[in-house]
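Numbering (the working numbering), first residue to last: 16 to 348. C-beta: ideal position from N, C-alpha, C; glycine also. Have a look at the structure below, then the notes.
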Ligand code: SD4
């Protein structure tokens, strides 16, 4: 037998050996988690960023229980925040850019890793629903600006004014000295990211925002970028971000959280490690002064977690056992 064939044979025997060890539950001989001790997943489970995540969870849960697909449940759930004029960071009522324009970013991803996104979209109240149409009805993953609007109109969405009187008033006030200084997000009204583990144990997620208030016209944050604002791998887990998008894009935040879960970290540990990495990378950065980033994550076992740079971040969790409630995330500072 050639040495190469002998090597392959040995490798194959090795693999069978590991499988046998697992089947006999003698896993202490390996450092992998034995299948037998994986707790049965809590499902369905929904987690969403910030306090307005409670209302979003409520609606998504109602949809899931009716048998609606996870993706449709996400669109309906975060659609509550998009339509709420009192949520100043998502959809209708969102704070505008420097020019007084409300520009929206959103993305959605299913358990097959299919995704759809829109960025710099104006005049459409439900960007998450347009992102879903990008996923379903185009060969692409992201449409932006005018092209995204054109596509939305072709799908039957209607243009409307998204700048509420209240948001316009705040913009006019800001114009008085026009200082660009992102406000650290501690007031529980921010980008909504939602992660779902459905009753089949499949993961999906969505993220929608009006982005940073007073941003430059044309600025796109992390929220529509798969890997930054949202990422999932149905074999491992899902993660999503809120906060200063530039910092999340620089570090491929959500994708990194999922990778750490793949390596065996819990959702909490994974969120903490990536948040700390972002903090360390920004320690001497001009953005440090207003750096706030928070992550939420869920794994296939239905464990969830969250962590942020600064205190104040929380997320809404809905499961059968405890219903809909807020969880406080720990923070670095
Ligand atoms: C952005 N990440 O556009 C969004 C804004 C946000 O919490 O999440 N604020 O940068």
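Exercise for the section: Please classify residue 72: is it buried, with 16 or more other beta-carbons within 10 angstroms of its beta-carbon, or exposed? Expected result: buried
Problem - Helix, strand or coil at residue 246 [DSSP, three-state] - result: strand
Problem - Same chain only: Cβ atoms within 8 Å of residue 324, ignoring 5 sequence neighbours per side - result: 258, 290, 293, 294, 306, 307, 308, 309, 346, 347, 348
Exercise for the section: Rounded to whole angstroms, what's the CA-CA distance from residue 282 to residue 191? Just pull it up for me. Expected result: 43 Å
Practice task
Would you decide whether residue 338 is buried or exposed? Buried here means 16 or more other CB atoms lie within 10 Å of its CB.
Solution key: exposed
Exercise for the section: Output the boundary residues of the alpha helix (DSSP H) element that contains residue 297. Expected result: 282–297
Practice task
Let me know the beta strand (DSSP E) ranges lying completely inside the stretch 125–167, each 3 residues or longer, listed in chain order.
Solution key: 130–137, 157–159
Practice task
Please list, in chain order, all residues of the same chain as residue 43 whose beta carbon is under 7 Å from its beta carbon, the five residues on each side excluded.
Solution key: Since pLDDT at residue 43 reaches only 34, below the 50 mark, its modelled position is unreliable, and the value read off the structure follows with that caveat. Once the five neighbours on either side are set aside, residue 43 has no close Cβ partner at all.
Exercise for the section: Going by DSSP, name the residue or residues bridged to residue 340. Expected result: 332
Practice task
Measure the C-alpha to C-alpha separation of residue 102 and residue 109 and round it to an integer number of angstroms.
Solution key: 7 Å
Practice task
Look up residue 209 in the DSSP assignment and say whether it is helix, strand or coil.
Solution key: strand
Problem - Rounded C-alpha distance that separates residue 120 from residue 143 - result: 8 Å
Exercise for the section: Express the C-alpha separation of residue 60 and residue 79 in angstroms, rounding to a whole number. Expected result: 10 Å
Problem - Pairwise C-alpha distance: residue 134 and residue 299 - result: 29 Å
Exercise for the section: Work out the CA separation of residue 187 and residue 221 for me, nearest whole Å. Expected result: 31 Å
Exercise for the section: Over the uninterrupted alpha helix (DSSP H) stretch that includes residue 105, give me the two end residues. Expected result: It is not in any alpha helix (DSSP H) - residue 105 carries neither H nor E in the DSSP assignment.
Exercise for the section: Flag residue 206 as yes when its Cβ comes closer than 6 Å to any non-hydrogen atom of the ligand SD4, and as no otherwise. Expected result: yes
Practice task
Can you tell me the Cβ-Cβ gap for residue 242 and residue 267, rounded? I've got them flagged as a contact below 8 Å.
Solution key: 5 Å
Practice task
Pull up the CB-CB distance for residue 64 and residue 208, whole angstroms please, since I reckon it's below 8 Å.
Solution key: 5 Å
Exercise for the section: Return no unless some Cβ of chain C is closer than 7 Å to the Cβ of residue 296. Expected result: Of the protein chains in the structure, only one exists, and it is not chain C.
Exercise for the section: For residue 70, verify whether its CB is less than 6 Å away from any heavy atom of the ligand SD4. Expected result: no
Exercise for the section: Indicate, with yes or no, if the ligand SD4 has a heavy atom lying under 6 Å from the CB of residue 169. Expected result: no
Practice task
Give me whichever residues DSSP pairs with residue 314 in a beta bridge.
Solution key: 252
Problem - Contacting residues, own chain, Cβ-Cβ under 6 Å from residue 342 (five flanking each side not counted) - result: 330, 332
Problem - Bridge partners - residue 178, DSSP secondary structure assignment - result: Beta-bridge pairing links residue 178 to no other residue.
Problem - Delimiting residues of the alpha helix (DSSP H) encompassing residue 96 - result: 85–98
Exercise for the section: Whole angstroms is fine: what's the gap from residue 170's alpha carbon to residue 195's? Expected result: 36 Å
Handout entry: In DSSP terms, what residue 62 is bridged to
Key = 210, 332
Problem - Euclidean distance between Cα positions of residue 245 and residue 98 - result: 21 Å
Handout entry: Terminal residues of the alpha helix (DSSP H) in which residue 275 lies
Key = 268–277
Handout entry: Counted within 10 angstroms of its Cβ, other Cβ atoms place residue 225 as buried (16 or more) or exposed
Key = buried
Problem - Range covered by the alpha helix (DSSP H) that runs through residue 260 - result: 260–265
Handout entry: Boundaries (first-last residue) of the beta strand (DSSP E) holding residue 218
Key = 218–224
Problem - residue 119 - partner residues in DSSP beta bridges - result: 136
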